[in-house]
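First comes the structure, then the notes that go with it.
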Amino acid sequence: MFIKVRITPGTISGRDLVKKLVEVCPVDIFAEDEGDLLIVEENQDECTLCNLCIEAAPEGAVQIIKLYED
Ligand code: SF4
Numbered sequence: 475m476f477i478k479v480r481i482t483p484g485t486i487s488g489r490d491l492v493k494k495l496v497e498v499c500p501v502d503i504f505a506e507d508e509g510d511l512l513i514v515e516e517n518q519d520e521c522t523l524c525n526l527c528i529e530a531a532p533e534g535a536v537q538i539i540k541l542y543e544d
């Protein structure tokens, strides 16, 4: 596990925003369950660091944490 995707609790609400995040990620790291946003744990390492999720979400809501040094 080299990448951790973290959602700041309480920052993602509303079906439109959840849907947008599910759609924007090219490697399916986000999923929706009854209106809630889920992180698909096993897909996190596929993250391409494209930042599309960060741009789609309110500031500070999504964090992509690199668990390694460059
Ligand atoms: S940075 Fe890109 S690949 Fe990584 S979780 Fe966000 S949208 Fe998905």
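Here the sequence shown is numbered in the numbering used here, starting from 475 and rising by one per residue. Ideal Cβ positions, reconstructed from N, Cα and C, are used throughout, including at glycine.
Look at the alpha carbon of Gln537 and the alpha carbon of Cys499, and state the distance between them as a whole number of angstroms.
-> 14 Å
In terms of residues, what are the limits of the beta strand (DSSP E) holding Ile538?
-> Val536 to Lys540
Whose C-alpha, out of Ile539, Tyr542 and Ala531, is nearest the C-alpha of Gly488?
-> Ala531
Leu523 by DSSP, collapsed to three states: which one?
-> coil
By the 10 Å Cβ neighbour count, where 16 or more other Cβ atoms means buried, how is Leu523 classified, buried or exposed?
-> exposed
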